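S.K.:
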Amino acid sequence: MLREIQEVLRLIMLLGEQKQQHSLKTRRGLLVLLWTETGASVQSLNCTVAAAGRWSTGIKMEALQPVLTDLKESMFPCAWPSPQPDPEELCAFTDLYGSLRLLLSFQKKDERFNSTELCARIEAFLHTFSLANAKINVHLKFKWNQQTFQRDLRVKIKRTVALANQLSRFLDVTCSSQPPECVKKDCWCQGGHPVVGGLLPLSIPPKVMDQGLFGELSIQPVTLLRPCLLQYPNLATQLTHIKVLVFGPSNVPVAGPSTFFQNLPAHLDCQELGLHGLHCSSFKDHVHNSGMVYTVEQEPSKDPEQESSLLPMQQSLRLYLFLQHSDPFNCHLSDLMATEVLIEHYLEDILNNNRQSVTKALQTELKNTLKASNHRKRSQEELRSAADVILSSSISVVSCSSDVDFRTACLNSMKVRDTHELSASLHESLRRVTSWKFTPRDRCYSAQMEEHPESDDATQREI
Amino acid sequence: MMGPCEAELFSEIDKLRAELLNNVEVVPGCQRVEEEITYREILSRIENVILGIVTSLSKDEAPVLALPNRSSWANISFDSAIGLQRNSGSSSTSIRSDSPSSVRKFAQILKIFLVIYKLVQSNSYATKRDIYYNNTQLFGSQQTVDSIVDDVSCMLKAPRRSLHVMATSKGLIAGDLCYLEEDGTRIDCRSGSAVRSTNNPKLTAPAVAVSSNIVGIRNIVSSAKFVMIVEKDATFQRLLDDDFCAKLSPCIIITVLMVRKLWDTLHIPIFALVDADPHGIEIMCIYKYGSVAMSFEAHNLTVPSVMWLGLLPSDLQRLRVPEDALIPLTKRDENKLSSLLTRPYLTSQPDWQKEMELMQQTKIKAEIQSLAAIAPDFLTNIYLPNKLRYGGWI
Numbered sequence: 251m252l253r254e255i256q257e258v259l260r261l262i263m264l265l266g267e268q269k270q271q272h273s274l275k276t277r278r279g280l281l282v283l284l285w286t287e288t289g290a291s292v293q294s295l296n297c298t299v300a301a302a303g304r305w306s307t308g309i310k311m312e313a314l315q316p317v318l319t320d321l322k323e324s325m326f327p328c329a330w331p332s333p334q335p336d337p338e339e340l341c342a343f344t345d346l347y348g349s350l351r352l353l354l355s356f357q358k359k360d361e362r363f364n365s366t367e368l369c370a371r372i373e374a375f376l377h378t379f380s381l382a383n384a385k386i387n388v389h390l391k392f393k394w395n396q397q398t399f400q401r402d403l404r405v406k407i408k409r410t411v412a413l414a415n416q417l418s419r420f421l422d423v424t425c426s427s428q429p430p431e432c433v434k435k436d437c438w439c440q441g442g443h444p445v446v447g448g449l450l451p452l453s454i455p456p457k458v459m460d461q462g463l464f465g466e467l468s469i470q471p472v473t474l475l476r477p478c479l480l481q482y483p484n485l486a487t488q489l490t491h492i493k494v495l496v497f498g499p500s501n502v503p504v505a506g507p508s509t510f511f512q513n514l515p516a517h518l519d520c521q522e523l524g525l526h527g528l529h530c531s532s533f534k535d536h537v538h539n540s541g542m543v544y545t546v547e548q549e550p551s552k553d554p555e556q557e558s559s560l561l562p563m564q565q566s567l568r569l570y571l572f573l574q575h576s577d578p579f580n581c582h583l584s585d586l587m588a589t590e591v592l593i594e595h596y597l598e599d600i601l602n603n604n605r606q607s608v609t610k611a612l613q614t615e616l617k618n619t620l621k622a623s624n625h626r627k628r629s630q631e632e633l634r635s636a637a638d639v640i641l642s643s644s645i646s647v648v649s650c651s652s653d654v655d656f657r658t659a660c661l662n663s664m665k666v667r668d669t670h671e672l673s674a675s676l677h678e679s680l681r682r683v684t685s686w687k688f689t690p691r692d693r694c695y696s697a698q699m700e701e702h703p704e705s706d707d708a709t710q711r712e713i
Numbered sequence: 016m017m018g019p020c021e022a023e024l025f026s027e028i029d030k031l032r033a034e035l036l037n038n039v040e041v042v043p044g045c046q047r048v049e050e051e052i053t054y055r056e057i058l059s060r061i062e063n064v065i066l067g068i069v070t071s072l073s074k075d076e077a078p079v080l081a082l083p084n085r086s087s088w089a090n091i092s093f094d095s096a097i098g099l100q101r102n103s104g105s106s107s108t109s110i111r112s113d114s115p116s117s118v119r120k121f122a123q124i125l126k127i128f129l130v131i132y133k134l135v136q137s138n139s140y141a142t143k144r145d146i147y148y149n150n151t152q153l154f155g156s157q158q159t160v161d162s163i164v165d166d167v168s169c170m171l172k173a174p175r176r177s178l179h180v181m182a183t184s185k186g187l188i189a190g191d192l193c194y195l196e197e198d199g200t201r202i203d204c205r206s207g208s209a210v211r212s213t214n215n216p217k218l219t220a221p222a223v224a225v226s227s228n229i230v231g232i233r234n235i236v237s238s239a240k241f242v243m244i245v246e247k248d249a250t251f252q253r254l255l256d257d258d259f260c261a262k263l264s265p266c267i268i269i270t271v272l273m274v275r276k277l278w279d280t281l282h283i284p285i286f287a288l289v290d291a292d293p294h295g296i297e298i299m300c301i302y303k304y305g306s307v308a309m310s311f312e313a314h315n316l317t318v319p320s321v322m323w324l325g326l327l328p329s330d331l332q333r334l335r336v337p338e339d340a341l342i343p344l345t346k347r348d349e350n351k352l353s354s355l356l357t358r359p360y361l362t363s364q365p366d367w368q369k370e371m372e373l374m375q376q377t378k379i380k381a382e383i384q385s386l387a388a389i390a391p392d393f394l395t396n397i398y399l400p401n402k403l404r405y406g407g408w409i
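From first to last, the protein sequence lines are chains A and B.
Throughout, our numbering is defined as the position within the first sequence, counted from one, plus 250.
Throughout, our numbering is defined as the position within the second sequence, counted from one, plus 15.
1) How would you label residue 615 of chain A, buried or exposed, when you count the other beta carbons within 10 angstroms and need 16 or more for buried?
2) DSSP puts residue 9 of chain B in a beta bridge; with which residues?
3) Using the Cα positions of residue 148 of chain B and residue 640 of chain A, report the straight-line distance between them to the nearest angstrom.
4) Is there contact here, the stretch 235 to 253 of chain B with the stretch 274 to 286 of chain B, by at least three beta-carbon pairs under 8 Å?
5) Suppose you measure from the CA of residue 300 of chain B to the CA of residue 293 of chain B; what does that come to, to the nearest Å?
6) Take residue 679 of chain A as the anchor and find which of B/37, B/72, B/66 and B/38 has the nearest alpha-carbon.
7) For residue 297 of chain A, report the span of its beta strand (DSSP E) as first-last.
8) Excluding five sequence neighbours on each side, which residues of the same chain lie with their C-beta closer than 7 Å to the C-beta of residue 32 of chain B?
9) DSSP three-state label for residue 151 of chain B, please.
10) Who are the neighbours of residue 119 of chain B on chain A, taking C-beta pairs under 7 Å?
11) At a CB-CB cut-off below 8 Å, which residues of chain E make contact with residue 563 of chain A?
12) What are the start and end residues of the alpha helix (DSSP H) that includes residue 162 of chain B?
13) Just list the residues that DSSP pairs residue 98 of chain B with in beta bridges.
14) Is there contact here, the stretch 370 to 379 of chain B with the stretch 331 to 345 of chain B, by at least three beta-carbon pairs under 8 Å?
15) Compare the C-beta of residue 660 of chain A with all C-beta atoms of chain B and state if any pair is closer than 7 Å.
16) Would you list the one or two residues that DSSP bridges to residue 422 of chain A?
17) For chain A, find out if any of its Cβ atoms is closer than 7 Å to the Cβ of residue 73 of chain B; answer yes or no.
18) With a cut-off of 8 Å on the beta carbons, I'd call residue 239 of chain B and residue 269 of chain B a contact; round off their distance for me.
19) With distance defined between alpha-carbon atoms, name the residue in B/383, B/324 and B/304 nearest to residue 342 of chain B.
20) If contacts are defined as beta-carbon pairs under 8 Å, then residue 617 of chain A and residue 486 of chain A qualify, I think. What distance do you get, rounded to the angstrom?
21) Take residue 504 of chain A and list the residues in its own chain whose beta-carbon comes closer than 7 Å to its own, dropping the five residues that flank it on each side.
22) Quick test of the definition: if touching needs 3 or more C-beta pairs under 8 Å, does the stretch 669 to 683 of chain A touch the stretch 168 to 177 of chain B?
23) Taking only beta-carbon positions, decide if residue 77 of chain B is within less than 7 Å of chain A.
24) Since residue 545 of chain A meets chain B, which of its residues come closer than 8 Å, beta carbon to beta carbon?
25) Which parts of the stretch 302 to 389 of chain B are runs of the alpha helix (DSSP H), unbroken and 4 residues or longer, counting only runs that do not cross its ends?
26) Hey, how far is the Cα of residue 224 of chain B from the Cα of residue 302 of chain B?
27) Run through DSSP, which three-state label would residue 247 of chain B get?
28) Looking at the structure shown, is residue 27 of chain B part of a helix, part of a strand, or coil, going by DSSP?
29) Please check the pair residue 620 of chain A and residue 523 of chain A, which I expect to be a contact at CB under 8 Å, by giving their CB distance rounded to whole angstroms.
30) Mapping the DSSP letters down to three states, classify residue 64 of chain B as helix, strand or coil.
31) Identify whether residue 375 of chain A lies in helix, strand or coil by the three-state DSSP scheme.
32) Can you name, in chain order, every residue of its own chain whose Cβ lies under 8 Å from the Cβ of residue 232 of chain B, other than the five neighbours on each side?
33) Could you tell me whether any Cβ in chain B is nearer than 7 Å to the Cβ of residue 656 of chain A?
34) Can you confirm whether residue 683 of chain A, when its beta carbon is compared against all beta carbons of chain B, has any partner nearer than 7 Å?
35) Which of helix, strand or coil does DSSP assign to residue 520 of chain A?
36) Leaving out five residues on either side along the sequence, give the residues of the same chain with a beta carbon under 7 Å from the beta carbon of residue 511 of chain A.
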């Protein structure tokens with residue numbers, strides 16, 4: 251079923267590309283309804299995918315219908331015409347976004363599946379889809395065995411990134427991590443700042459060409475480090491995870507893990523990146539997260555008893571990989587769909603054929619991203635070693651002084667009783683004020699700033 | 016008693032001295048009351064800085080030090096009697112403890128504060144060199160220590176000598192001069208109690224290494240008619256080799272330091288013998304008027320009565336110094352010369368200005384040693400005696 255949903259999304263996205271909307275304020279809704287039916291001897295899983303709002307304006311549904319029929323027959327040979335969804339569900343959807351632009355329903359009979367696992371996979375897939383299609387509000391509803399799972403994916407903070415070949419992507423840059431307690435109000439960036447990497451051409455292996463894939467294929471990385479700590483230039487950071495998400499030319503996520511990415515850490519130069527090591531997370535996480543996750547090996551803390559506000563801030567890196575394809579002989583929708591299927595099917599072979607260049611490109615992107623982090627480490631070291639001198643010199647003067655008034659003023663100022671306590675107190679205070687130095691930046695997202703008028707957070711309701 | 020030839024030799028110098036004594040407010044050295052800052056005041060000023068740091072941290076604010084800007088001409092004014100001096104309310108630079116680019120300097124300044132605090136408290140002294148070698152990793156270079164000591168001196172509004180930090184002396188002095196050092200050692204620059212210059216082990220005339228503790232020098236006795244500041248050690252030694260001090264006796268020749276002390280005590284003409292190049296001229300200007308960096312201590316360092324004896328750019332033409340002894344100005348020389356010509360004190364020195372403009376036109380410089388191309392002993396036997404006899408200074 252996930253594959254079918256992916257195909258439908260691909261179709262919708264390819265249709266949408268024909269009348270591309272560049273404004274972040276365009277409201278688009280996508281509804282994925284799933285429900286089960288249990289017959290006399292067989293269980294069926296029904297699915298309806300609907301799109302409403304400012305989608306592919308100018309294309310008439312009547313003209314599209316024959317195309318959809320052909321595609322259904324070719325894409326879903328095992329799918330049966332599905333009963334229509336509950337009109338009330340559709341009404342609620344159209345009330346939000348306006349008239350339906352597309353409605354596609356299909357059914358799979360005798361579907362043996364684990365409802366909970368399927369639901370999690372579909373949700374994860376749609377969530378990943380939403381990360382690179384932030385303009386689209388995705389609504390998922392899954393009903394089975396008198397249970398209903400509902401998830402509304404609306405992006406709080408979006409950012410447009412300009413890729414090569416005049417393509418744009420609308421990314422979800424929201425960061426939901428809570429700031430530490432020592433951070434003042436409105437002094438925390440709630441979003442991230444994507445960085446676009448260079449476009450890397452990919453050569454298509456002969457075996458794949460034989461299957462019909464021609465034209466120019468390329469891949470372009472975009473990195474997003476979260477949470478954003480640009481406003482705290484002195485804060486030490488620690489990268490904990492790297493998540494790799496691959497998107498096809500239609501900007502639909504490429505589902506499932508790939509051996510290429512599983513083996514990638516072994517080919518990266520961790521020393522050059524300033525990392526101790528990278529490890530692939532478990533297969534189970536891949537299934538649910540629709541992306542490859544690497545865990546960064548950490549060096550043991552030099553000061554295990556260090557106060558929590560002085561520990562390095564943990565960050566995670568999201569690495570988007572956008573595949574692009576162009577072939578002047580591919581202009582029909584069905585051709586485009588078939589090409590996408592080919593690319594996804596042979597992605598492993600394509601990446602292996604370009605292993606060196608892809609690995610090098612990823613190494614470069616990671617290195618650029620981690621440059622700032624490594625610079626922070628050096629700054630921290632500079633601040634730390636200087637702080638030792640500043641504090642020891644200051645304490646020495648206080649200790650050596652015979653001026654009672656001066657000594658008393660120093661102790662009272664820090665509310666301590668003796669120079670020993672004064673030393674500890676000054677040490678902690680200096681470390682805190684220097685580490686948490688705040689430098690406001692216009693490009694950061696304070697609590698009041700949002701790019702889109704819709705302010706609803708992602709919601710999740712289980713009934 | 017001086018013979019008629021000797022009297023004639025010094026007649027112009029004696030006239031100059033009379034003129035200087037008329038123009039300058041004379042305070043006999045023994046009666047000079049210097050505004051000395053007490054050691055308690057120094058400690059208190061340092062404690063105020065530390066208290067400021069503690070107070071900032073108590074408010075969860077990053078401590079900041081305000082460092083007076085010693086490199087901007089905007090903070091300087093010129094007084095012909097004093098030289099370049101720092102204006103009150105001049106601009107300062109903030110040295111932050113929360114910026115990686117400045118925190119190291121912050122720490123270096125604090126370290127110097129601590130060193131000075133302990134020196135003053137214990138009434139002991141250290142040279143800038145000592146301070147550097149005790150903390151090479153923190154400071155990185157001697158130049159850093161030198162600069163920060165001057166910064167601290169300016170911040171605390173106290174002369175370096177009050178901070179118990181001494182310069183590392185490399186200066187030499189010779190001639191008609193006796194004095195007592197702080198520890199009671201009697202120094203006679205005329206005779207045997209001398210330190211031989213390490214650059215010339217065959218030194219025939221004595222020269223004394225100038226003590227770093229100039230403040231402590233007392234009981235200066237001299238019948239010298241003039242003091243000559245010699246820019247380079249090589250020239251100084253040449254003069255010693257040629258027995259200059261005996262030929263032009265009584266006089267004092269000196270390479271560095273103590274000039275102000277000698278003027279305050281003896282009030283005799285001070286002549287500068289520097290290379291005919293922009294660098295030498297700048298050295299001389301610093302002696303006479305001070306520098307931007309040290310303007311906060313102009314009262315104690317500058318000697319506005321310094322006269323330029325040689326080597327003048329016009330001397331090169333007049334004496335027809337051989338061309339192969341002349342050197343073209345570099346781009347850097349030209350830039351420095353242009354900068355010197357914009358200095359505020361030049362307007363009161365039209366003769367100096369004329370000489371510099373001549374150098375600018377001819378684009379030629381020369382070292383004092385170039386006179387040896389005329390004759391090996393030209394400097395000592397012809398050039399300097401004639402200059403001194405006939406008032407060839409400006």
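Glycine included, each C-beta is placed from N, C-alpha and C at the ideal position.
Note that the structure is predicted; figures quoted are calculated from it, not measured.
M.R.: Per the coordinate set shown:
1) Within the first sequence, the letter at position 365 stands for residue 615 of chain A. Buried: at least 16 other Cβ atoms inside 10 Å.
2) Given that chain B is displayed from residue 16 to residue 409, the structure contains no residue 9 of chain B and the question cannot be resolved.
3) Reading the second sequence from its first residue, position 133 is the one you call residue 148 of chain B. Reading the first sequence from its first residue, position 390 is the one you call residue 640 of chain A. Whole-angstrom Cα-Cα distance: 19 Å.
4) At 8 Å Cβ cutoff, the stretches touch.
5) As a first step, residue 300 of chain B is located in the second sequence; it is residue number 285 there, counting from the start. As a first step, residue 293 of chain B is located in the second sequence; it is residue number 278 there, counting from the start. If I take the Cα positions, the gap works out to 10 Å.
6) In the first sequence, the residue the question calls residue 679 of chain A occupies position 429. If we check each option's Cα against that of residue 679 of chain A, B/72 comes out closest.
7) Within the first sequence, numbered from 1, the residue matching residue 297 of chain A stands at position 47. That run of the beta strand (DSSP E) goes 293 to 303.
8) Here residue 32 of chain B corresponds to residue number 17 of the second sequence, with the count starting at 1. Around residue 32 of chain B: 283 and 284.
9) What you label residue 151 of chain B is simply residue 136 of the second sequence in a count that begins at 1. Residue state, collapsed to three classes: helix.
10) In the second sequence, residue 119 of chain B corresponds to position 104, counting from 1. Result: 632 and 636.
11) Structure shown: chain E not included; protein chains present are A and B.
12) Against the second sequence, residue 162 of chain B aligns to sequence position 147. Unbroken alpha helix (DSSP H) run through residue 162 of chain B: 157 to 170.
13) Your numbering for residue 98 of chain B matches position 83 in the second sequence. Paired residues: B/94.
14) yes
15) Here the question's residue 660 of chain A lines up with position 410 in the first sequence. With 7 Å as the cut-off, residue 660 of chain A counts as an interface residue toward chain B.
16) As a working mapping, residue 422 of chain A is identified with position 172 in the first sequence. Under DSSP, residue 422 of chain A takes part in a beta bridge, and its partners are A/408.
17) Your numbering for residue 73 of chain B matches position 58 in the second sequence. Chain A, which has a Cβ nearer than 7 Å to the Cβ of residue 73 of chain B, makes this yes.
18) As a first step, residue 239 of chain B must be located in the second sequence, where it is residue number 224. As a first step, residue 269 of chain B must be located in the second sequence, where it is residue number 254. Between residue 269 of chain B and residue 239 of chain B the Cβ distance is about 11 Å, and since that is not below 8 Å, they are no contact.
19) As a working mapping, residue 342 of chain B is identified with position 327 in the second sequence. Comparing Cα-Cα distances from residue 342 of chain B to each of B/383, B/324 and B/304, the minimum goes to B/383.
20) Mapped onto the first sequence, residue 617 of chain A falls at position 367. Mapped onto the first sequence, residue 486 of chain A falls at position 236. Actually they are not in contact, since the Cβ atoms of residue 617 of chain A and residue 486 of chain A sit about 19 Å apart, beyond 8 Å.
21) Within the first sequence, the letter at position 254 stands for residue 504 of chain A. If we look at residue 504 of chain A and ignore the five residues flanking it on each side, its Cβ neighbours are 496, 497, 498, 594 and 597.
22) no
23) Position 62 of the second sequence holds residue 77 of chain B. Yes - at least one Cβ of chain A is within 7 Å of the one on residue 77 of chain B.
24) One-based indexing of the first sequence puts residue 545 of chain A at position 295. The contacting residues do not exist; residue 545 of chain A stays about 30 Å from chain B at best.
25) 313 to 316, 328 to 333, 346 to 356 and 365 to 377
26) Position 209 of the second sequence holds residue 224 of chain B. Position 287 of the second sequence holds residue 302 of chain B. Roughly 19 Å separates the two Cα atoms.
27) The residue you call residue 247 of chain B lines up with position 232 of the second sequence. In the structure shown, residue 247 of chain B sits in coil (DSSP, three-state: anything other than H, G, I, E or B).
28) Here residue 27 of chain B refers to the residue found at position 12 of the second sequence. Residue 27 of chain B falls in the helix class under three-state DSSP.
29) The sequence position of residue 620 of chain A within the first sequence is 370, counting from 1. The sequence position of residue 523 of chain A within the first sequence is 273, counting from 1. About 5 Å; that satisfies the 8 Å criterion.
30) Here the question's residue 64 of chain B lines up with position 49 in the second sequence. Helix.
31) Locating residue 375 of chain A in the first sequence gives position 125, where the first residue counts as 1. In the structure shown, residue 375 of chain A sits in a helix (DSSP, three-state: H, G or I).
32) Looking up residue 232 of chain B in the second sequence gives position 217. Contacts found: 194, 195, 196, 197, 226, 273 and 276.
33) Numbered from its first residue, the first sequence carries residue 656 of chain A at position 406. Chain B contact via Cβ: present.
34) Residue mapping note: residue 683 of chain A aligns to position 433 of the first sequence, counting from 1. Yes, because at least one Cβ of chain B sits closer than 7 Å to the Cβ of residue 683 of chain A.
35) Looking up residue 520 of chain A in the first sequence gives position 270. The answer is helix: DSSP assigns residue 520 of chain A an H, G or I state.
36) Residue 511 of chain A sits at position 261 when you count from the first residue of the first sequence. So the list reads 494 and 542, once near-sequence residues are dropped.
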